[in-house]
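**Student:** Quick one: this structure, given as structure tokens, is what I'll be asking you about.
Numbering (this note's numbering), first residue to last: 68 to 257.
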């Protein structure tokens, strides 16, 4: 069962909401990171600090889950096709390090490195006892790394056919002919 099928029809309200959130994952994550960084700089009352921490976690979780649910769905949506840049091969070459990061993060070693970074930053922050803006020494690198990973996933989604690190899809064999698209059930622009 695909993730899209889990939401029922691709035209269902749940699928449209998931798609809308997935296509806005970078702005959502940016708001979450700014909220996280501000909550480290400004001393907030206890209740407000807890609300800010919960909102940050909720926004980050929504952005990441929407991204992965959209990336692993088998159907390519119209907005994803429209997001493919005209100079995709050039951009894939220019952003090869981010594409590498996307592939590295999908390995066990990548997951282990991420966990190690998170634990090390958490322990270092706890041991150092830094308060207020000084905590940014630990929060900013973690937030920057999270944003880089999510951005790499979004970038890879747009540049996947030109990714230098993706497996060779045709195995250097004979190209398979693609059938002509059918016109049945499509709407015209008249």
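Each residue gets a CB set at the ideal place from its N, CA and C atoms; glycine is no exception.
1) Could you say which of 212, 227, 126 lies nearest to residue 160 if we only look at CA atoms?
2) With DSSP as the reference, label residue 107 as helix, strand or coil.
3) To the nearest angstrom, report how far apart residue 116 and residue 106 are at their CA atoms.
4) Please classify residue 146 as buried or exposed, where buried requires at least 16 neighbouring CB atoms within 10 angstroms.
5) Any beta-carbon of chain B closer than 8 Å to the one on residue 123?
6) Should residue 123 go down as buried or exposed, given a rule of 16 or more other Cβ atoms within 10 Å for buried?
7) Under the three-state reduction of DSSP, which class applies to residue 174: helix, strand or coil?
8) Since residue 130 and residue 176 are thought to touch, with beta carbons under 8 Å apart, how far apart are those beta carbons, to the nearest angstrom?
**Tutor:** Quick look at the numbers:
1) 227
2) helix
3) 7 Å
4) Exposed.
5) Of the protein chains in this structure there is only one, and it is not chain B.
6) buried
7) coil
8) Rounded, the Cβ-Cβ distance is 24 Å, inconsistent with contact.
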